[in-house]
Ligand SMILES: N=CN[C@@H](CCC(=O)O)C(=O)O
């Protein structure tokens, strides 16, 4: 099983639009071309893409998340390299090899019997690749920045951390949805419920949950585990103003950040962002940047996953990659 397609320096340089007198980020961005030696590398952050949308399709959502990674990398390679952007802190690993699964998914007809379950099996195959890869990166003492892909990949991130660290980890999720759906076939709506059920996820906090898109069944499931699962509604933060953004963030921090945790951001939490579940009412890009910038710098944070971006679904195709690139640069700055 091939886990990762490692990128070469030439792959990265080919994405740069050179301009005389300027140094673009991609001109200084280093790559790691195999697993050996990762531990010795000086860069803390390891960038990795997951070009798949099978999890979203298996969750009856709109496809398109497979394209977010390359769009984001292209934009990142063309931001400026200067003393604020710190290219020396990050390296590119490459992408999870999803080719076989994407090919198999494209051969399935949505009309055929057990279509979603068949997609779910392909999602499980990607889960294995993601968890093995994250395990290796975390074991090397590095901080993975993972660009999805669907939110199904939260499961592989958490399992990989569990295997590397030999303990369940907490998770802080900036998201309109809990993705704590039923333990049916694997898809983008049950990454956290599966990780919780299988013991990889300890405490879980969803920041900015949309009340209109959370079923009563999910709310009751969360309530069963109130000691370990909490959320703050988007409406209470931004509409009713029952709690300020910073008080809600501090509540999440107290619940999650006193132990090892993963940080997840679903782009569908951001207003008008191209994503499977795009919303006209959500957080601003600047709020998302402030959140990720703050929490990713906590010493207990072990990875960041930015997911569900679907450039072709948005009003502004180029803005998904640019938003992801802002978020990556906020982490390393
Ligand atoms: N990861 C996203 N999950 C959401 C969104 C589904 C959708 O695409 O509409 C969910 O399952 O509710």
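In the numbering used here, the protein residues as written are 743 to 1075.
Just so it is clear, CB atoms sit at the ideal spot from N, CA and C, and this is done for glycine as well.
Pairwise C-alpha distance: residue j and residue i
{"i": "residue 952", "j": "residue 760", "result": "42 Å"}
{"i": "residue 885", "j": "residue 904", "result": "14 Å"}
{"i": "residue 843", "j": "residue 1001", "result": "35 Å"}
{"i": "residue 962", "j": "residue 797", "result": "24 Å"}
{"i": "residue 1072", "j": "residue 1035", "result": "5 Å"}
{"i": "residue 950", "j": "residue 1007", "result": "11 Å"}
{"i": "residue 795", "j": "residue 807", "result": "5 Å"}
{"i": "residue 901", "j": "residue 1009", "result": "22 Å"}
{"i": "residue 817", "j": "residue 1067", "result": "6 Å"}
{"i": "residue 890", "j": "residue 835", "result": "14 Å"}
{"i": "residue 1026", "j": "residue 944", "result": "29 Å"}
Residue i: CB within 6 Å of a non-hydrogen atom of ligand 1
{"i": "residue 810", "result": "no"}
{"i": "residue 700", "result": "Since the first and last residues shown for the chain are 743 and 1075, residue 700 lies out of range."}
{"i": "residue 801", "result": "yes"}
{"i": "residue 1019", "result": "yes"}
{"i": "residue 941", "result": "no"}
{"i": "residue 902", "result": "no"}
{"i": "residue 921", "result": "yes"}
{"i": "residue 930", "result": "yes"}
{"i": "residue 1047", "result": "no"}
{"i": "residue 927", "result": "no"}
{"i": "residue 893", "result": "yes"}
For residue i, the nearest candidate out of the options (CA to CA)
{"i": "residue 925", "options": "835, 1047, 1044, 862", "result": "862"}
{"i": "residue 1122", "options": "909, 944, 890, 956", "result": "Not covered by the structure: residue 1122. The range shown for the chain is 743 to 1075."}
{"i": "residue 785", "options": "793, 829, 813", "result": "829"}
{"i": "residue 778", "options": "882, 1024, 817", "result": "882"}
{"i": "residue 755", "options": "769, 745, 749", "result": "769"}
{"i": "residue 912", "options": "850, 998, 773", "result": "998"}
{"i": "residue 971", "options": "1041, 914, 1011, 918", "result": "914"}
Residues near residue i by beta carbon distance below 8 Å, same chain, minus five either side
{"i": "residue 827", "result": "767, 821, 1071, 1074, 1075"}
{"i": "residue 907", "result": "880, 1002, 1044"}
{"i": "residue 1056", "result": "1014, 1015, 1016, 1017, 1020, 1062"}
Close beta carbons around residue i, own chain, < 7 Å, minus the five adjacent residues each side
{"i": "residue 894", "result": "797, 865, 928, 929, 930, 933"}
{"i": "residue 938", "result": "946"}
{"i": "residue 803", "result": "930, 1018, 1019"}
{"i": "residue 781", "result": "882, 883"}
{"i": "residue 877", "result": "902, 905, 906"}
{"i": "residue 941", "result": "910"}
6 Å CB neighbourhood of residue i in its chain, flanking five on each side removed
{"i": "residue 1033", "result": "916"}
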